[in-house]
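Undergrad:
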Amino acid sequence: MAGSAALGLALGRRAIAAEAIQSAKAFRFVHLTDIHVQPERRAEEGLRACLASIHALKPRPDIIITTGDLVMDALAASEERANKLFDLYNRICRDSDIPIRNCIGNHEVFGWQSKGRIPSDHADYGKKMSRDRLGLENTTYSFDHQGWHFCMVDDILPNEGEGYHGGISDEDMEWLDRDLAAAGDRPKAICAHIPILSVAVFRGLEARDKNTLEIQRRRVCRNPGPILELLKKHRVNLVLTGHLHQNERLELDGTTYIGEGAVSGAWWKGAHLGNPEGFGIIDVKADGAFEHRYHEYGWKAEKA
């Protein structure tokens, strides 16, 4: 990927990207999530190894899609540390000549978990820093590629007080409805950080009482019902997410939901719950069908 393409290509969400609409053609793309790049734990070396593995694929991918937690961890970091993390991510990505389309995760939101150290009136507070540093006009946007329509969706919402939870805002839901409608019969993919639908999220859960089973709003989107109905209405083919650092695949109402394992595994400390460091490879067919597989790139983490 050359120059500013690595930074997300500044695509506005108020209109479909300018690439000409064309009939679906066969192509390959890869899905990276939960990179958590940092100066520590050989994370730079790990991300470079991941990108080298991608560039060696045959056939070569057309694009790299990321779904958040690119850095570790602007939520609670100082301004100096957060900028250093984005500098590191961008510097590594500039060495790739395959275009990268970025989606943010909770770790890209500056100051939301700083315990008051970063005031809310700071110039880069919240998602402003990630928009600027990743070259995004908006954190929800869309683009077309080889006849497919991709929506990069921001599903990180502010918690009361501090922190975040998963969900798509009313404003973005309205935009998504219009955008997917405008895409017509083209195959469609939604790319976001926090899962809309997940089975892996039930690992370790126990009922608090005989009538209640609670899932943290930080783990999945808090408004899955309306989102699922919207995706069904517009016949979305594929949803790609991360956040849980686990591999899972679900099918519902004609949509495939893939939760991808993490590039960083267990935050650069080895495999997470048996899910090794890796990324998704998606081969799209000319008829709009696709095949997905998880690719381990052979990273060996340093001992914790």
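Counting in the numbering used here, the sequence shown runs from 360 upward without gaps.
C-beta: ideal position from N, C-alpha, C; glycine also.
These figures come from a predicted structure and were not determined experimentally.
1) Going by DSSP, what residues sit across from F469 in a beta bridge?
2) Is the region 549 to 569 close to the region 474 to 492, with three or more CB pairs under 8 Å?
3) Check whether the region 448 to 458 touches the region 474 to 485, counting contact only when three or more Cβ pairs, one atom from each stretch, lie closer than 8 Å.
4) Look at the alpha carbon of A435 and the alpha carbon of C452, and state the distance between them as a whole number of angstroms.
5) Since P517 sits in a beta bridge, which residues does DSSP pair it with?
6) Taking 6 Å as the limit between beta carbons, can you name the residues of its chain near R400, skipping five residues before and five after?
7) I think G525 touches R608, with their Cβ atoms under 8 Å apart; what is that distance to the nearest whole Å?
8) Mapping the DSSP letters down to three states, classify H552 as helix, strand or coil.
9) Going by the CB atoms, is the gap between R545 and H504 shorter than 7 Å?
10) Taking the C-alpha atoms as reference points, what is the distance between M532 and I586?
11) So is K486 buried or exposed if we call it buried at 16+ other beta carbons inside 10 Å?
12) Would you mind giving the Cβ-Cβ distance between L597 and T615, rounded to the nearest angstrom? I have them listed as a contact below 8 Å.
13) Suppose you measure from the CA of I515 to the CA of Q605; what does that come to, to the nearest Å?
14) Going by the DSSP bridge assignment, what does R652 pair with across the sheet?
15) In terms of residue numbering, what span does the beta strand (DSSP E) encompassing F445 cover?
16) Say whether chain B places a C-beta atom closer than 7 Å to the C-beta of K486.
17) Output yes or no for whether 7 Å exceeds the beta carbon distance between I617 and L599.
18) Let's test the definition: count the other Cβ atoms within 10 Å of the Cβ of G620 and tell me whether it reaches 16, buried, or not, exposed.
19) Just confirm the distance between the C-beta atoms of D394 and V622, as a whole number of angstroms; I'd bet it's less than 8 Å.
20) Which same chain residues, not among the five before or five after K474, have their C-beta less than 8 Å away from its C-beta?
21) Along the chain, where does the beta strand (DSSP E) that runs through G618 open and close?
22) Can you give me the Cβ contacts of I380 inside the same chain, cut-off strictly under 8 Å, excluding the 5 residues immediately before and after it?
23) Which residues in the same chain as T499 place their Cβ atom closer than 6 Å to its Cβ, once the five residues preceding and following it in sequence are excluded?
24) Helix or strand or just coil, what does DSSP make of W507?
25) Distance, Cα to Cα, R652 vs H390?
26) Near R407, what residues of its chain come up, given a Cβ to Cβ distance below 7 Å and the 5 sequence neighbours on each side ignored?
27) For G405, count neighbouring Cβ atoms within 10 angstroms of its own Cβ and tell me buried if that reaches 16, exposed if not.
TA: On the basis of the coordinates in this document:
1) Numbered from 1 along the sequence shown, position 110 holds the residue referred to as residue 469. In DSSP, F469 forms a bridge with G485.
2) Not touching, per the Cβ criterion.
3) Between the region 448 to 458 and the region 474 to 485 there are fewer than three C-beta pairs closer than 8 Å, too few to call the two in contact.
4) For this step, residue 435 is matched to residue 76 along the sequence shown. For this step, residue 452 is matched to residue 93 along the sequence shown. Using only the alpha carbons, I get a separation of about 23 Å.
5) Taking the first residue of the sequence shown as 1, we reach residue 517 at position 158. P517 is bridged to Y523.
6) The sequence position of residue 400 within the sequence shown is 41, counting from 1. W627, listed in sequence order.
7) Counting from one through the sequence shown, the residue named residue 525 turns up at place 166. Counting from one through the sequence shown, the residue named residue 608 turns up at place 249. Actually they are not in contact, since the Cβ atoms of G525 and R608 sit about 19 Å apart, beyond 8 Å.
8) As a first step, residue 552 must be located in the sequence shown, where it is residue number 193. DSSP places H552 in coil when its eight states are reduced to three.
9) Taking the first residue of the sequence shown as position 1, residue 504 is located at position 145. Taking the first residue of the sequence shown as position 1, residue 545 is located at position 186. Not in contact: H504 and R545 (Cβ atoms no closer than 7 Å).
10) Here residue 532 corresponds to residue number 173 of the sequence shown, with the count starting at 1. Here residue 586 corresponds to residue number 227 of the sequence shown, with the count starting at 1. M532 and I586 have their C-alpha atoms spaced approximately 8 Å apart.
11) Here residue 486 corresponds to residue number 127 of the sequence shown, with the count starting at 1. Looking at its Cβ environment, which holds 16 or more other Cβ atoms inside 10 Å, K486 is buried.
12) Here the question's residue 597 lines up with position 238 in the sequence shown. Here the question's residue 615 lines up with position 256 in the sequence shown. The pair is a contact, with the Cβ atoms about 5 Å apart (cut-off 8 Å).
13) Mapped onto the sequence shown, residue 515 falls at position 156. Mapped onto the sequence shown, residue 605 falls at position 246. Approximately 19 Å between the Cα atoms of the pair.
14) Position 293 of the sequence shown holds residue 652. In the DSSP output, where bridge partners are listed per residue, R652 has I640.
15) Reading the sequence shown from its first residue, position 86 is the one you call residue 445. Unbroken run through F445 is the alpha helix (DSSP H), E438 to C452; no beta strand (DSSP E).
16) Among the chains in the structure shown there is no chain B, since it carries only a single protein chain.
17) Start at 1 with the first residue of the sequence shown, and residue 617 comes out as number 258. Start at 1 with the first residue of the sequence shown, and residue 599 comes out as number 240. A contact, by the Cβ cut-off of 7 Å.
18) Translated into positions along the sequence shown, residue 620 becomes position 261. Counting Cβ neighbours within 10 Å, G620 comes out buried, since at least 16 surround it.
19) Numbered from its first residue, the sequence shown carries residue 394 at position 35. Numbered from its first residue, the sequence shown carries residue 622 at position 263. Sequence check: residue 394 is Ile here, not Asp. Yes, I394 and V622 are in contact; Cβ-Cβ is about 5 Å, under 8 Å.
20) Against the sequence shown, residue 474 aligns to sequence position 115. Closer than 8 Å at the Cβ level, and outside the excluded window around K474, lie A435 and E521.
21) Numbered from 1 along the sequence shown, position 259 holds the residue referred to as residue 618. G618 -> beta strand (DSSP E) spans T614 to G618.
22) For the purposes of this step, residue 380 is taken as residue 21 along the sequence shown, with counting starting at 1. In this prediction, I380 scores a pLDDT of 41, lower than 50, which makes its location untrustworthy; the coordinate-derived value is nonetheless stated afterwards. Contacts found: D503, G506 and R545.
23) For the purposes of this step, residue 499 is taken as the residue at position 140 of the sequence shown. For T499, where only same-chain residues beyond five positions count, the Cβ hits under 6 Å are R372, V512, D513 and D531.
24) Within the sequence shown, numbered from 1, the residue matching residue 507 stands at position 148. The answer is strand: DSSP assigns W507 an E or B state.
25) On the sequence shown, residue 652 is found 293 positions in, with the first residue counted as 1. On the sequence shown, residue 390 is found 31 positions in, with the first residue counted as 1. If you take the alpha carbons of R652 and H390, they lie about 10 Å apart.
26) Taking the first residue of the sequence shown as position 1, residue 407 is located at position 48. If we look at R407 and ignore the five residues flanking it on each side, its Cβ neighbours are I451.
27) Along the sequence shown, one-based indexing puts residue 405 at 46. With at least 16 other beta carbons inside 10 angstroms of its own, G405 counts as buried.
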